[in-house]
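Q: Okay, so the sequence shown: first residue is 0 according to numbering that gives the first Met the number 0, each after it adds one.
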Amino acid sequence: MLVTLFGAYAIVDGVVAIASVVRHRERGRWWVVLIEGILGIVAGVAALVVPGITTIALVTLIGAWALLTGAMEIVAAVRLRREMEDEILLGIAGILSVVFGAAVLVFPGAGALALVTLIGAYSIVFGLAMLLLGLRMRSLGGVARVARYA
């Protein structure tokens, strides 16, 4: 179950990132988001194709993925500060990703049920932060402006 959950989440996240690049590649450093998307899809497919992967290897993969994604989100938030106010929401989402990734890497022996609970809590908080960012971007009257950070 954990492998399937992570694989599906990483693939969807990667596809959304790549779709964003395709729609807005003429602006800024689009290649950063493209790399994030490709890595997400690769990580998700690897988790689904090799379901027998050990728990420790999966935990390491999830932790590394969260750290990389979080770092890219923090960089994006720093770049967005010139474009809008309240870019802090993306920064918070990035910090949550980094903290989550670090916690998973530091405590790899955590039980699968505890990890699923942690993933669920992380997903809810991260999703809320991204929803608030989306609403903020919409209130600015130009969601396309978000691609400029890439």
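C-beta: ideal position from N, C-alpha, C; glycine also.
Mapping the DSSP letters down to three states, classify Phe106 as helix, strand or coil.
A: coil
Q: Out of curiosity, what's the CA-to-CA distance linking Leu67 and Met136?
A: 24 Å
Q: Take the Cβ of Ser138 as the centre, count every other Cβ of all protein chains shown within 10 Å, and call the residue buried at 16 or more, exposed below.
A: exposed
Q: Mapping DSSP to helix, strand and coil, what is Ala146?
A: Because the pLDDT of Ala146 is 49, which lies under 50, any placement of that residue in the model is unreliable, and the number read from its coordinates should be weighed accordingly. Ala146: helix per DSSP, three-state reduction.
Q: In this structure, does DSSP put Gly100 in helix, strand or coil?
A: helix
Q: Going by DSSP in three states, Val48 sits in which element: helix, strand or coil?
A: helix
Q: Hey, is the region 42–50 in contact with the region 74–88, meaning 3+ C-beta pairs nearer than 8 Å?
A: no
Q: For Met136, which three-state DSSP category applies?
A: Annotated three-state conformation of Met136 is helix, per DSSP.
Q: Does the structure place the region 8–15 close enough to the region 23–31 that three or more beta carbon pairs sit under 8 Å?
A: no
Q: Tell me whether the beta-carbon of Val20 lies closer than 8 Å to the beta-carbon of Val32.
A: yes
Q: Looking at the unbroken alpha helix (DSSP H) that takes in Arg22, where does it start and where does it end?
A: 1–23
Q: Looking at Gly62: is its Cβ nearer than 8 Å to the Cβ of Val115?
A: Not a contact, by the Cβ cut-off of 8 Å.
Q: Using C-beta distances below 6 Å, list every residue in its chain close to Phe99, excluding the 5 sequence neighbours before and after it, in chain order.
A: Ala65, Tyr121
Q: Under a three-way DSSP split, which group does Arg80 fall into?
A: Note: Arg80 maps to coil in three-state DSSP.
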